[in-house]
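In order, the protein sequences belong to chains F and R.
Quick note on the working numbering: the first sequence kicks off at 1 and runs consecutively.
Quick note on the working numbering: the second sequence kicks off at 153 and runs consecutively.
Presented below is the structure to which this report refers.
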Amino acid sequence: MRQSRTTKIARAGLIAALYAVLCLIFTSTSFGVIQFRPAEALTVLPILFPEAIGGIFAGVIIANMFGGLGLIDIVFGSLISLVAAYLTWRFRHSFIAYLSPIILNAVFVSLYLHSFFRYPYWLSVVSIGISETAVVLLLGYPLISYLKKNLH
Amino acid sequence: MFEGAIIGQYVPGESMVHRLDPRTKLILTIIMMTVVFMASSGWGLALSVGVIFFLIWLTGIPLSIYLRGIRSFRILIIITFGFQLFLVPGEPLLQWNFIHISREGLTLGGLMALRLVVVLLLAQFLTFTTSPMALIDGIEKLLSPLNKVGVPAHEMAMVMSIALRFIPIFFMEADRIIRAQVSRGADFESGNVITRLKPLTSIIAPLFIKAFQRADDLALAMEARGYQGGEGRTRLREIRLRRLDLLFLSTGLMVALGIRLIEVYV
Numbered sequence: 001m002r003q004s005r006t007t008k009i010a011r012a013g014l015i016a017a018l019y020a021v022l023c024l025i026f027t028s029t030s031f032g033v034i035q036f037r038p039a040e041a042l043t044v045l046p047i048l049f050p051e052a053i054g055g056i057f058a059g060v061i062i063a064n065m066f067g068g069l070g071l072i073d074i075v076f077g078s079l080i081s082l083v084a085a086y087l088t089w090r091f092r093h094s095f096i097a098y099l100s101p102i103i104l105n106a107v108f109v110s111l112y113l114h115s116f117f118r119y120p121y122w123l124s125v126v127s128i129g130i131s132e133t134a135v136v137l138l139l140g141y142p143l144i145s146y147l148k149k150n151l152h
Numbered sequence: 153m154f155e156g157a158i159i160g161q162y163v164p165g166e167s168m169v170h171r172l173d174p175r176t177k178l179i180l181t182i183i184m185m186t187v188v189f190m191a192s193s194g195w196g197l198a199l200s201v202g203v204i205f206f207l208i209w210l211t212g213i214p215l216s217i218y219l220r221g222i223r224s225f226r227i228l229i230i231i232t233f234g235f236q237l238f239l240v241p242g243e244p245l246l247q248w249n250f251i252h253i254s255r256e257g258l259t260l261g262g263l264m265a266l267r268l269v270v271v272l273l274l275a276q277f278l279t280f281t282t283s284p285m286a287l288i289d290g291i292e293k294l295l296s297p298l299n300k301v302g303v304p305a306h307e308m309a310m311v312m313s314i315a316l317r318f319i320p321i322f323f324m325e326a327d328r329i330i331r332a333q334v335s336r337g338a339d340f341e342s343g344n345v346i347t348r349l350k351p352l353t354s355i356i357a358p359l360f361i362k363a364f365q366r367a368d369d370l371a372l373a374m375e376a377r378g379y380q381g382g383e384g385r386t387r388l389r390e391i392r393l394r395r396l397d398l399l400f401l402s403t404g405l406m407v408a409l410g411i412r413l414i415e416v417y418v
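What follows is the structure, given as structure tokens:
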């Protein structure tokens, strides 16, 4: 497979599009304190492709441009996803890769929801944590195994 | 098949706000959001909400369209209100078994719900009057000084424009895959959350594989047209700050400062 810089940009763009489309398909659950986002399954992609880091970052920005709380989500939500995706790539050979989006989203999304709208902190940590775990383990993990078999 | 997607929120128009540079609108939104979040008195809040409604009026888009957008967030607004109403301790207004509603809870609940509505209104103010492409150009320009410290602002903007271009295509593709799976007996609509999740892999995986095949073709097409990254690239529509932008920015800043001063000294 070709691996030029342009290819990486193109791939990142298509991963971003995929993230945004999945958020738009499941609009009713993807935003706010419930935050059940099937699109988050893609957060484990940096395990296989480093260019997915930028793709996920851009995808979150676009999804939050259409849905979410506007600028607050665009700025904070996407930065959290960027760090989580980077850690997933950095620790791609260990289970931390899967833990990173779960923990960072639960801890930090709750933090800004708490500081802006005073949502009970621990309640939202638990709720985001559970839905993120479900998506990462039940969708993300099988996706990675499937891609390992079918793309290489 | 899809649950009321909100794609294409942009409402084309000829208003003053539509003509502003996207950077101006981004900065105005940040200023107004800061003012609302810093408002510590009823006065400050009322004034800033007033200013936001004035901005909304300037967009020339009927208020009903804004309200329709807010309506889809009604459950979130109720949850936000409820959290404060039932969980904040204080002077009791109503006490019944384990239900306790305090004056402080009622005030805070109202304040937080109002904050949420304001944030949503501002989000719509931005996206209704600015096409996604213009918004991305604005973000790229605002981030471009960070190029010097190694932030690939151009590449990020390119990634986002590619994404925007492909969203409608993937949307249709996802629809086709879902229909194909349903016709083979896949069930996306019954069972609990966990059992509903599993068949989703059968949507995401093929979508992803297709995306990857497209990426290679796209890269080839880009390079064939001479794409070499950000350096020296020109654009079809240049964005630039005009007198109207400076007027809006300076007025916005002065109004924000004014509201803060009124809050501190009155």
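Think of the CB as a built atom: it goes at the ideal place given N, C-alpha and C, for glycine as much as any other residue.
This one's a predicted model, so the numbers in the text were calculated from it and none came from an experiment.
Looking at C-alpha atoms only, which residue of the options is the closest neighbour of residue i?
i: L396(R); options: R389(R), E390(R), G404(R); result: G404(R)
i: V44(F); options: V109(F), I96(F), V126(F), R11(F); result: I96(F)
i: R392(R); options: F238(R), F322(R), A198(R), D289(R); result: D289(R)
i: I61(F); options: L82(F), L48(F), I25(F), Y98(F); result: L82(F)
i: F277(R); options: G302(R), V301(R), T211(R); result: T211(R)
i: G384(R); options: H306(R), W209(R), F250(R); result: H306(R)
i: M184(R); options: V416(R), F400(R), V418(R), Y417(R); result: F400(R)
i: V21(F); options: F318(R), F189(R), T386(R); result: F318(R)
i: A326(R); options: Q3(F), Y19(F), M65(F), A12(F); result: Y19(F)
i: V109(F); options: F76(F), R92(F), M65(F); result: F76(F)
i: V126(F); options: G140(F), I144(F), L113(F), V107(F); result: V107(F)
i: K148(F); options: K8(F), A134(F), I47(F); result: I47(F)
i: E415(R); options: P174(R), V187(R), T282(R); result: V187(R)
i: L258(R); options: T281(R), G234(R), L273(R); result: G234(R)
i: I74(F); options: L215(R), G302(R), I182(R); result: I182(R)
i: G59(F); options: Q3(F), R90(F), G13(F); result: G13(F)
i: A41(F); options: E51(F), S131(F), I9(F); result: S131(F)
i: D173(R); options: Y417(R), R394(R), I346(R), S354(R); result: R394(R)
i: I355(R); options: F323(R), V271(R), V240(R); result: F323(R)
i: A94(F); options: Y112(F), A16(F), Y141(F); result: Reading off the sequence, residue 94(F) comes out as Ser, not Ala. The candidate whose alpha carbon is nearest that of S94(F) is Y141(F).
i: F49(F); options: G382(R), F364(R), E341(R); result: F364(R)
So residue i is in the beta strand (DSSP E); what residue range does that whole segment cover?
i: S254(R); result: 251-254
i: P214(R); result: It is not in any beta strand (DSSP E) - P214(R) carries neither H nor E in the DSSP assignment.
i: Q247(R); result: 244-248
Using a cut-off of 7 Å between C-beta atoms, extract the partners of residue i located in chain R.
i: G59(F); result: A315
i: V21(F); result: I319, F322, F323, A326
i: L142(F); result: Residue identity check: residue 142(F) is Pro in the sequence provided, not Leu. Residues of chain R passing the Cβ test: T353.
i: N150(F); result: I361
i: A41(F); result: I356
Could you name the residues of chain F that residue i contacts, counting a contact when the two beta carbons are closer than 9 Å?
i: T279(R); result: M65, F66, G70
i: P284(R); result: I62, M65, F66
i: G381(R); result: R5, T6, I9
i: V169(R); result: The premise fails here: V169(R) is roughly 15 Å from chain F at the closest Cβ pair, so nothing lies under 9 Å.
i: M190(R); result: Result: empty, since nearest Cβ-Cβ is about 12 Å, beyond 9 Å.
To the nearest whole angstrom, what separates the beta carbons of residue i and residue j, a pair I think is in contact under 8 Å?
i: G68(F); j: V311(R); result: G68(F) to V311(R), Cβ: 19 Å. No contact.
i: I329(R); j: P284(R); result: Contact flag wrong, Cβ pair sits at about 24 Å.
i: L352(R); j: P38(F); result: 6 Å
i: V418(R); j: W248(R); result: That belief does not hold up - the Cβ atoms of V418(R) and W248(R) are roughly 39 Å apart, past 8 Å.
i: F116(F); j: F189(R); result: 7 Å
i: A134(F); j: L272(R); result: About 27 Å separates the two Cβ atoms, so there is no contact after all.
Following the continuous alpha helix (DSSP H) through residue i, name the residue where it begins and the one where it ends.
i: F400(R); result: 395-417
i: Y141(F); result: 141-151
i: Q365(R); result: 353-376
i: R387(R); result: Unbroken run through R387(R): none, as it is neither H nor E.
i: S313(R); result: 305-335
i: R11(F); result: 5-25
i: T186(R); result: 174-190
i: Q236(R); result: 226-239
i: K293(R); result: 284-295
i: P101(F); result: 96-104
i: E132(F); result: 121-135
i: H114(F); result: 110-117
i: T88(F); result: 78-90
i: R171(R); result: 168-171
Going along chain R, which residues have a C-beta under 9 Å from residue i?
i: L139(F); result: L349, K350, L352, T353, I356
i: G54(F); result: P304, E307, M308, V311
i: P38(F); result: L349, L352, I355, I356
i: G129(F); result: Residues of chain R passing the Cβ test: none, with the nearest at roughly 14 Å.
i: L48(F); result: Within chain R, no residue comes near L48(F); the closest Cβ sits about 10 Å away, beyond 9 Å.
I want to verify the contact list: residues of chain R whose CB lies under 8 Å from the CB of residue i, in sequence order.
i: P120(F); result: F235, L239
i: Y146(F); result: T353, A357
Using a C-beta to C-beta distance shorter than 7 Å, which residues of chain F count as neighbours of residue i?
i: M264(R); result: F117, R118
i: D301(R); result: In the sequence under discussion, the amino acid at residue 301(R) is Val, which differs from the Asp named in the question. The contacting residues do not exist; V301(R) stays about 15 Å from chain F at best.
Could you work out which residues of chain F lie near residue i, taking near to mean beta carbons separated by less than 8 Å?
i: L370(R); result: A10, G13, L14
i: A367(R); result: T7, A10, R11, G13, L14
For the ligand PLP, is there a heavy atom less than 7 Å away from the beta-carbon of residue i?
i: A39(F); result: Within the structure as shown, the ligand PLP is missing, as the structure has no ligands at all.
Check: Touching or not, the stretch 100-114 of chain F and the stretch 76-90 of chain F, by the rule of three or more beta carbon pairs under 8 Å?
Finding: yes
Next item on the list: Decide yes or no for the touch test of the stretch 199-219 of chain R against the stretch 266-281 of chain R: beta carbon pairs closer than 8 Å, at least 3 of them.
Entry: yes
Note to self: Measuring CB atoms only, is the stretch 111-123 of chain F touching the stretch 328-339 of chain R, in the sense that at least three cross pairs come out at less than 8 Å?
What the structure shows: no
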